[in-house]
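Those protein sequences? They're chains U and B, same order as listed.
The first sequence lines up with residues 20 to 82 when you count with my numbering.
The second sequence lines up with residues 2 to 624 when you count with my numbering.
Cβ atoms here follow ideal geometry from the backbone N, Cα and C, with glycine treated the same way.
Keep in mind the model is a prediction, meaning the values are calculated, not measured.
Contents: one structure, followed by commentary.
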Amino acid sequence: MDEPRPLKSAPGAARTVLCVLWISAVAGAYCVTYSSSLVQQAGRAAGRFPLLGRILELLHLGS
Amino acid sequence: MLATLVAVGLVLLGAALGRRILLLARATFRSYLEELCFSAGLGLGVLSLAIMAVGLLGGLRSGAVWAAALGAAGLLVPDAVRIVAGTARRARRVGLPSLKPFQWFLVAAILASLACGLVSSLAPPTAWDATTSHLKVPFLYLQEGAVFRLDDIHSNGPLNTAMLFIPAMGIGGDTAPALLHLAFLALGGLVLFEVARQHVSTTGALLAAAAYFLMPIGAMLGSEAVVDFPVVVYVALAFVALLRWWEEERPGWLVLSAVNLGLAMGTKYVGLYALAMFFAAAAVKVLAGKGRRLTLSYHAAMLLVLAVAVGCPWYVRNRVLTGNPFYPVFAHVIPTRHITGVYTGEVPMEFTRRQYPSDLLNRALLPVNYTLGFSRGVPGRPGPDGAANSPGPLFLALVPLIVVLRPVPRWATLAAALLLGALALIIPMYPLPRYVLPFVALCAPVLGYVFDALSGRAWARRTLCAVAVVVLLLQLVPFAGRAATRLRVAVGAESRRDYLRRVDDVYPMAEHVAAEGVLPPGASVLYVGERVYHFHTLGVDVTMGMPVRQALVEFPAFDNPAELHRRLRQLGFTHLVVNEATLAKRYPQCGLLLRALEDVQGIRRTESRKDLVLYDVAPVLGG
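If you want it as structure tokens, here you go:
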């Protein structure tokens, strides 16, 4: 199969930039929230990072 | 090992059976993989309906039935061997394709997630859903040798997959159902990969498959004995068939779509939403088909009738047993037997029902909230675990972009429309990502299409590849984490008993009450805690009574401890096992009622293990 499949009308440069920015923003936000969740879980398990837990709670990311 | 063989054997026999049916129907497919997926889905569905029929007739423990089943399986063995040989031949022909580094990464990530899933599936089941219903109900059916009415809310839903769990558990033990569920996850991935492969580039198709296989919610559910991924498979197959009908207008495809929708309906109530939306899609095609509207109307009507015919057996059973085909849903409008006052609306519910916030901003932000974990739909309690329960950020990042890309292919529009319909219809009533999972999964090929569309520019392609690598690596973490905690028991370095003592709060008490002499003969225990454990080896299920939710929705119906005591005795319970920590945390009113019952000597504390306390229920109320 050809790589990539050509579209009849490829998106323009500005649209491509916006799309890539959106994708990066979503992926970045996910990485931050999920990583912080992992850190928080690990911290809770170890009984550490109470301050981090408080900050995340204030940001509505904590449980 | 036996469990794995049983799960693989069931899938192979299902595929062989389905292939025979499709050959008889002279169905033709675009590829071998497509044929294999349709065969496996159809065969497993037919198998589940056959087991249901045998169960309703009370023949699950009949020697003659098992002999007949073995005979039928023997007849299918040559077909199964042909499938294995055909697959191996094609794999050899393809050989090691010259994949690019990013494609290799995607393949490796998919294989790693499946390997982790396999390890996790081999551990004894401890998940709430699996132990409370999906294993317990078929286990009791197997024990009784029949599909019969249980005093258990979970035993009256559509149970197609639970039927497959019966032979899986009966032969392969309590880990086989989880392995079978993992096989459904893999089958769903193959269906979606094949859809993507036919419409987008190899990289796009692999990215679509990787996004599906590495969904964080897949890490949570894929390796458990639940029924979410069979619905994903049936809805995906129905979608492929609907697309083909849309393009070719051959009624055979709509028959195949209807059968799969019926199987989805018979697996989970979510299938009803799928039927409604697929019918709406067929209606759109009818309206668009000028000059052929009458013919297409017949097709759409056939979709509805056939899907209902295939999916209705469980609904008919519900109607007969409880008066409500959708038991326990709609109990407040349909007169329903064997149900608590909370479901009928006669008794106020004590605990807050999970509900997605209804304000406009939260509705608009729903995909963001669910993906990034800002909310799990519990008012006032946003939590980070939403990220762990989500389909993953690649869906959110790529799928909505079809709005700004041109052209949008019909298949992508249809997939996105079905997802939007599901979000609008399902989330207001059932605000958990797992209920819309089948429709989210349909959008995996769309994700590959958007990737292709943006890959025309080298810098954009490089950026997208980098983003995908980082995200997928992060998404592998929960798979690896689950596998790491289960690896020792999976490879036999830790005994099942030690593993359960280590990770499970119910096991120590269940082990205790199962020991000889702890409970008098004929004792019946009501377990009031987070869940009921399914102990295949201990055989404690029957003594552990009904799941907690059922008990808890019952409790608020009583004004005083005397009424509760009377109800407990009426139901035949002689003992209570109470998870005090759970009650104190989640259902304090129930805890207070039990305290009051203890104060008037209706129950007496006898033993405790971890958070669990064993009470005797007094024959008559003291005090």
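Cβ-Cβ distance between residue i and residue j below 8 Å
| i | j | result |
| --- | --- | --- |
| Ala210 (chain B) | Ile111 (chain B) | yes |
| Ala614 (chain B) | His576 (chain B) | Before going further, note that residue 614 (chain B) is Val rather than Ala in the sequence given. Going by C-beta atoms, Val614 (chain B) is not nearer than 8 Å to His576 (chain B). |
| Pro329 (chain B) | Ile154 (chain B) | yes |
| Met278 (chain B) | Ala423 (chain B) | yes |
| Leu297 (chain B) | Phe280 (chain B) | no |
| Ile22 (chain B) | Leu43 (chain B) | yes |
| Val472 (chain B) | Tyr49 (chain U) | yes |
| Ile218 (chain B) | Pro392 (chain B) | yes |
| Arg487 (chain B) | Ala113 (chain B) | no |
| Thr5 (chain B) | Gln104 (chain B) | no |
| Ala17 (chain B) | Ile84 (chain B) | yes |
| Ala220 (chain B) | Pro479 (chain B) | yes |
| Leu406 (chain B) | Ala454 (chain B) | yes |
Proximal chain B residues relative to residue i, where beta-carbon distance stays under 7 Å
| i | result |
| --- | --- |
| Ala48 (chain U) | Leu373 |
Listed by chain order, chain U residues near residue i by CB distance under 8 Å
| i | result |
| --- | --- |
| Ala389 (chain B) | Tyr53, Ser56 |
| Leu399 (chain B) | Ile42 |
| Val471 (chain B) | Ala46, Cys50 |
| Thr486 (chain B) | Correct list: empty, because the minimum Cβ distance to chain U is about 12 Å. |
| Val405 (chain B) | Pro30, Arg34, Leu37, Cys38 |
| Leu595 (chain B) | In chain order: nothing, as chain U lies at least about 27 Å away. |
| Val409 (chain B) | Correct list: empty, because the minimum Cβ distance to chain U is about 10 Å. |
| Leu465 (chain B) | Val39, Ile42 |
| Leu402 (chain B) | Cys38, Trp41, Ile42 |
| Leu475 (chain B) | Tyr49, Cys50, Tyr53, Ser54 |
Sequence-distant residues of the same chain with beta carbon closer than 7 Å to residue i, five excluded per side
| i | result |
| --- | --- |
| Gly493 (chain B) | none |
| Ala308 (chain B) | Ala259, Leu262, Gly263, Met266, Leu276 |
| Tyr107 (chain B) | Per the sequence presented here, residue 107 (chain B) reads as Leu, with Tyr not at that position. Leu207, Leu208, Ala211. |
| Gly15 (chain B) | Ala41, Gly44, Leu45, Leu48 |
| Ser82 (chain U) | Since pLDDT at Ser82 (chain U) reaches only 36, below the 50 mark, its modelled position is unreliable, and the value read off the structure follows with that caveat. So no residue of the chain qualifies. |
| Lys286 (chain B) | Trp247, Leu297 |
Residues near residue i by beta carbon distance below 8 Å, same chain, minus five either side
| i | result |
| --- | --- |
| Val12 (chain B) | Ala41, Leu45, Leu181, Ala184, Leu188 |
| Ile172 (chain B) | Leu3, Val7 |
| Arg31 (chain B) | Gln199 |
| Met170 (chain B) | Leu136, Pro139, Phe140, Leu143, Ala177, Pro178, His537 |
| Pro159 (chain B) | Met266, Gly267, Thr268, Lys269, Tyr270, Gly272, Gly312, Trp315, Tyr316 |
| Met303 (chain B) | Pro252, Leu255, Val256, Ala259 |
Contacts of residue i in chain U (Cβ-Cβ under 7 Å)
| i | result |
| --- | --- |
| Thr607 (chain B) | Within chain U, no residue comes near Thr607 (chain B); the closest Cβ sits about 33 Å away, beyond 7 Å. |
| Pro394 (chain B) | Val45, Ala46, Tyr49 |
| Ala678 (chain B) | Outside the shown range of chain B (2 to 624) lies residue 678 (chain B), about which nothing can therefore be said. |
| Val468 (chain B) | Ile42, Ser43, Ala46 |
Chain B contact residues for residue i, given Cβ-Cβ distances below 8 Å
| i | result |
| --- | --- |
| Ala33 (chain U) | Near Ala33 (chain U) there are no residues of chain B at all, since even the closest Cβ is about 11 Å away, more than 8 Å. |
Same chain, Cβ closer than 6 Å to residue i, neighbours up to 5 away in sequence not counted
| i | result |
| --- | --- |
| Ala524 (chain B) | Thr575, His576 |
| Met510 (chain B) | Val578, Arg610, Leu613 |
| Trp246 (chain B) | Trp254, Leu255 |
| Gly592 (chain B) | Leu584, Ala585 |
| Leu257 (chain B) | Ala242 |
| Glu35 (chain B) | Glu195 |
| Tyr431 (chain B) | none |
| Tyr450 (chain B) | Val201, Ala413 |
Amino acids of chain U, ordered along the chain, whose beta-carbon sits closer than 9 Å to that of residue i
| i | result |
| --- | --- |
| Thr583 (chain B) | Within chain U, no residue comes near Thr583 (chain B); the closest Cβ sits about 16 Å away, beyond 9 Å. |
Original post:
Do three or more CB pairs link the region 478-494 of chain B to the region 434-442 of chain B at distances below 8 Å?
Top reply: Counting C-beta pairs with one atom in each stretch, the region 478-494 of chain B and the region 434-442 of chain B have fewer than three that are closer than 8 Å, which means they do not touch.
**OP:** With 9 Å as the limit, tell me which residues of the region 428-458 of chain B have their beta carbon closer than that to any beta carbon of chain U; keep them in chain order.
**Re:** Listed by position, the residues of the region 428-458 of chain B near chain U (Cβ gap below 9 Å) are Tyr450, Val451, Phe452, Asp453, Ala454, Leu455, Ser456, Gly457, Arg458.
Original post:
Any contact of the region 219-227 of chain B with the region 123-132 of chain B, i.e. 3+ C-beta pairs under 8 Å?
Top reply: Contact between the region 219-227 of chain B and the region 123-132 of chain B is present, because at least three Cβ pairs lie under 8 Å.
Original post:
Taking contact to mean at least 3 C-beta pairs separated by less than 8 Å, is the region 461-469 of chain B in contact with the region 33-42 of chain U?
Top reply: Contact holds: three or more Cβ-Cβ distances are below 8 Å.
Original post:
When you check each C-beta in the region 40-55 of chain B against every C-beta of chain U, which residues fall closer than 7 Å?
Top reply: Taking 7 Å as the Cβ-Cβ cut-off against chain U, none of the residues of the region 40-55 of chain B qualify.
Original post:
Quick check: the region 280-292 of chain B against the region 320-339 of chain B, are there 3 or more CB pairs under 8 Å?
Top reply: Remark: fewer than three beta-carbon pairs, one from each stretch, lie closer than 8 Å, so the region 280-292 of chain B and the region 320-339 of chain B are not flagged as touching.
**OP:** Count the C-beta pairs between the region 155-171 of chain B and the region 73-91 of chain B that are closer than 8 Å, then say yes if the count reaches three, no if not.
**Re:** No, because fewer than three Cβ pairs between the region 155-171 of chain B and the region 73-91 of chain B fall closer than 8 Å, the two stretches do not touch.
Original post:
Is there contact between the region 144-152 of chain B and the region 208-222 of chain B, where contact requires at least three CB pairs shorter than 8 Å?
Top reply: Judged by Cβ distances under 8 Å, the region 144-152 of chain B makes no contact with the region 208-222 of chain B, as fewer than three pairs qualify.
Original post:
Can we say the region 442-454 of chain B touches the region 189-196 of chain B, given the rule of at least three CB pairs closer than 8 Å?
Top reply: Touching, yes.
Original post:
Which of the residues in the region 482-512 of chain B, read from start to end, lie with their CB under 7 Å from any CB of chain U?
Top reply: Within the region 482-512 of chain B, no residue qualifies.
**OP:** Pull out every residue of the region 206-222 of chain B whose Cβ sits closer than 9 Å to any Cβ of chain U, in chain order.
**Re:** Under the 9 Å Cβ criterion, the region 206-222 of chain B contributes Ala206, Pro217.
Original post:
Just by C-beta distance, which residues in the region 113-127 of chain B are closer than 7 Å to chain U?
Top reply: Residues of the region 113-127 of chain B whose Cβ lies closer than 7 Å to any Cβ of chain U: none.
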